[in-house]
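So the sequence lines, in the order shown, correspond to chains A and B. Note that the first sequence ends on residue 237 in this note's numbering; no numbers are left out. Note that the second sequence ends on residue 474 in this note's numbering; no numbers are left out.
2 protein chains.
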Amino acid sequence: MAKHILVVDDDALMRRSISFKLEQSGYRASTAVSAEDALALARRDRPDLILLDIGLPGMDGMEALRHFQNEIENVPVIFVSARRRELDTILGLELGADDYITKPFNPDVLLAHVKAVLRRTAAPAPEPGERPLPITVGDLIIDPAAHTVHVAGQQLDLPAKEFAVLYTLAQEAGYVVAMDDLLNRVWGAEFLGEPQVVYVHVRWLREKIEEDPQKPQRLLTVRGVGYKLVPHEVSKE
Amino acid sequence: MAKHILVVDDDALMRRSISFKLEQSGYRASTAVSAEDALALARRDRPDLILLDIGLPGMDGMEALRHFQNEIENVPVIFVSARRRELDTILGLELGADDYITKPFNPDVLLAHVKAVLRRTAAPAPEPGERPLPITVGDLIIDPAAHTVHVAGQQLDLPAKEFAVLYTLAQEAGYVVAMDDLLNRVWGAEFLGEPQVVYVHVRWLREKIEEDPQKPQRLLTVRGVGYKLVPHEVSKE
DNA sequence: AAAATCGCTCAGAATCTTTTCAGGATGGGA
DNA sequence: TCCCATCCTGAAAAGATTCTGAGCGATTTT
Numbered sequence: 001m002a003k004h005i006l007v008v009d010d011d012a013l014m015r016r017s018i019s020f021k022l023e024q025s026g027y028r029a030s031t032a033v034s035a036e037d038a039l040a041l042a043r044r045d046r047p048d049l050i051l052l053d054i055g056l057p058g059m060d061g062m063e064a065l066r067h068f069q070n071e072i073e074n075v076p077v078i079f080v081s082a083r084r085r086e087l088d089t090i091l092g093l094e095l096g097a098d099d100y101i102t103k104p105f106n107p108d109v110l111l112a113h114v115k116a117v118l119r120r121t122a123a124p125a126p127e128p129g130e131r132p133l134p135i136t137v138g139d140l141i142i143d144p145a146a147h148t149v150h151v152a153g154q155q156l157d158l159p160a161k162e163f164a165v166l167y168t169l170a171q172e173a174g175y176v177v178a179m180d181d182l183l184n185r186v187w188g189a190e191f192l193g194e195p196q197v198v199y200v201h202v203r204w205l206r207e208k209i210e211e212d213p214q215k216p217q218r219l220l221t222v223r224g225v226g227y228k229l230v231p232h233e234v235s236k237e
Numbered sequence: 238m239a240k241h242i243l244v245v246d247d248d249a250l251m252r253r254s255i256s257f258k259l260e261q262s263g264y265r266a267s268t269a270v271s272a273e274d275a276l277a278l279a280r281r282d283r284p285d286l287i288l289l290d291i292g293l294p295g296m297d298g299m300e301a302l303r304h305f306q307n308e309i310e311n312v313p314v315i316f317v318s319a320r321r322r323e324l325d326t327i328l329g330l331e332l333g334a335d336d337y338i339t340k341p342f343n344p345d346v347l348l349a350h351v352k353a354v355l356r357r358t359a360a361p362a363p364e365p366g367e368r369p370l371p372i373t374v375g376d377l378i379i380d381p382a383a384h385t386v387h388v389a390g391q392q393l394d395l396p397a398k399e400f401a402v403l404y405t406l407a408q409e410a411g412y413v414v415a416m417d418d419l420l421n422r423v424w425g426a427e428f429l430g431e432p433q434v435v436y437v438h439v440r441w442l443r444e445k446i447e448e449d450p451q452k453p454q455r456l457l458t459v460r461g462v463g464y465k466l467v468p469h470e471v472s473k474e
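Structure below.
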């Protein structure tokens, strides 16, 4: 069964080209010019995914998002932000969008996001209000909900970025996370700065979670590839 | 190896200064005066990124963009627009390019955008379920996701190139991989160096995975052809 | 206001990898 | 057996990557 995707954008050309691309890829696309229209449409014919432009006249994106999530059960929403505006994207994600993408974007990239979100939301029905679970890696416990980290029993306070790095690595515990991946996931795809930031944050992290930061046991670098977080049990005597 | 960037602009000075900056930063740049030329060139030598001027005579930017995206698989494109004015006209069609930048621009800013686009298009988020699986060959276990190798229970850390060689051989375990194949798959088709590098890496590898590097049991050379990786169970006493 | 924190950049140093080089071994066909 | 392309070896050069310490704004805390 073809997934139904609702495209909400006030720009006609945009609507047309997005829905063209989607249909070409086997989805069923419907379009709406405004959030109001979109809501009406969605109530009649529940979409599996909504592509929502933020810069809508009338009801704005944020508000629309709230309505969608109240009225339509469990609909993933991808924000499409009109300009490079970090604020939008961050706010959108905190408000509950499942993903975002900023214009201009490559149609293939859009498609990739659509697929990813559909896959992610399809499998494990995420209970609303369910908190992300803490991740344990050896004697490390990283709790994203509480934003806390425990190392060998001790609680740690980490700045936001450091936490994000650690959490990202923890999600792939045991596996290497490539430098680029790390940058994309922690700093976002729009990040224009130097990749060296990673070194610095890793260093600070190590100063906090490693016994001997010079000889990391938990947060290892895989030269030429990236970093990985591995379990480390305290050696017992 | 060095990423290939295709610069399309009808202004010679522009072409030269952009490609100079790119090459100076370690990229391989080629240039084209027109969209037609660019297409021809791109078909012969697939670029990793295209910097496309919008205000081209002849085939215009949008049309060129469409051609590129149809004909060249998955090529990210950055629009370079001559004026704010022009940009507005395409902002209506924000679908298509991966990024844009307006003239005049600071070369460093251009570079930052190039890097960012390459980064975000390079790494396809490694979905947890889609990690490459470890390969077992005798008492060797090669796990690309963790970037680890186990020989008879012992964990090994291998540098990137060595790992790549081993992994490539492991993928064809039991069969010979020709020298040329190995070079292509590990070093890429555009490798200009001496094929001797392979000997050296094989040697490093043998020193790590063979009990007696002089008498290889796992990584065998097939004279005149290449190398092969074969299972080797430790003889038990 | 001063002080502390955070995120980032920078440049030089330290480290590790990769390649090259030159000579020596080796093995298989003539 | 002899020869020669093919491989191997050790060492050194060349190249990349990562680590460090320091410093700078911006923001928040005191």
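Positions of the beta carbon are idealized from the N, C-alpha and C atoms, including for glycine.
Check, Outcome
"Residue closest to K161(A), alpha-carbon to alpha-carbon, out of W187(A), L51(A) and Y100(A)", "W187(A)"
"Proximity test, Cβ basis, 8 Å: R252(B) and chain A", "no"
"Uninterrupted beta strand (DSSP E) stretches inside the segment 23-84 of chain A (no shorter than 3 residues)", "28-32, 49-53 and 77-81"
"Test: R357(B) CB closer than 8 Å to a CB of chain A", "yes"
"Beta-carbon neighbours of R303(B), restricted to chain A and to distances below 8 Å", "Per Cβ cutoff of 8 Å: no residues; R303(B) is ~10 Å from chain A at best."
"G226(A) beta carbon less than 8 Å from that of V177(A)", "yes"
"Chain A contact for V245(B) (CB, 8 Å cutoff)", "no"
"Cβ contact check for the segment 340-350 of chain B and the segment 251-258 of chain B: 3 or more pairs under 8 Å", "yes"
"Chain A contacts made by the segment 333-346 of chain B, where a contact means CB separation under 9 Å", "G333, A334, D335, D336, Y337 and V346"
"DSSP state of Y464(B) mapped onto helix, strand, coil", "strand"
"Reduced DSSP category for Q171(A) - H, G, I as helix; E, B as strand; rest coil", "helix"
"Sheet register partners of A220(A) (DSSP bridge)", "A small fix is needed here, since residue 220(A) is Leu in this sequence, not Ala. DSSP, once it has assigned bridges, lists K228(A) as partnering L220(A)."
"Beta carbon proximity, A397(B) to chain A, threshold 8 Å", "yes"
"Neighbour list for K215(A) in chain B, Cβ cutoff strictly below 8 Å", "Chain B residues near K215(A): none, gap ~14 Å exceeds 8 Å."
"First through last residue of the beta strand (DSSP E) which encompasses L377(B)", "L377 to D380"
"Chain B contact for V33(A) (CB, 8 Å cutoff)", "no"
"Near-chain B residues of the segment 174-188 of chain A (beta-carbon distance less than 7 Å), N- to C-terminal order", "G174, Y175, V176, A178, D180, D181, L183 and N184"
"Minimum Cβ-Cβ distance from F191(A) to chain B less than 8 Å", "yes"
"Burial state of H232(A), where buried means 16 or more other Cβ atoms lie within 10 Å", "buried"
"Status (buried if at least 16 other CB within 10 Å, exposed otherwise) for K228(A)", "buried"
"Residue range of the beta strand (DSSP E) that includes A346(B)", "Note on residue identity: the sequence assigns Val, not Ala, to residue 346(B). First-last for V346(B): P344 to A359, but that is the alpha helix (DSSP H), not the beta strand (DSSP E)."
"Backbone CA spacing between E190(A) and L52(A) [nearest angstrom]", "19 Å"
"CB contact check: N311(B) to chain A, cutoff 8 Å", "yes"
"Local Cβ density within 10 Å of Y412(B), reported as buried at 16 or more and exposed below that", "exposed"
"Whole beta strand (DSSP E) elements within the segment 153-205 of chain A, 3-residue minimum", "154-156"
"Chain B contact for G26(A) (CB, 8 Å cutoff)", "no"
"Chain B within 8 Å of K208(A), Cβ atoms only", "no"
"Bridge partner(s) assigned by DSSP for I338(B)", "V317(B)"
"Beta-carbon neighbours of K228(A), restricted to chain B and to distances below 8 Å", "A383 and H384"
"Contact set for A360(B): own chain, Cβ-Cβ below 8 Å, skip 5 residues either direction", "none"
"Exposed unless 16 or more other CB atoms sit within 10 angstroms - verdict on E300(B)", "exposed"
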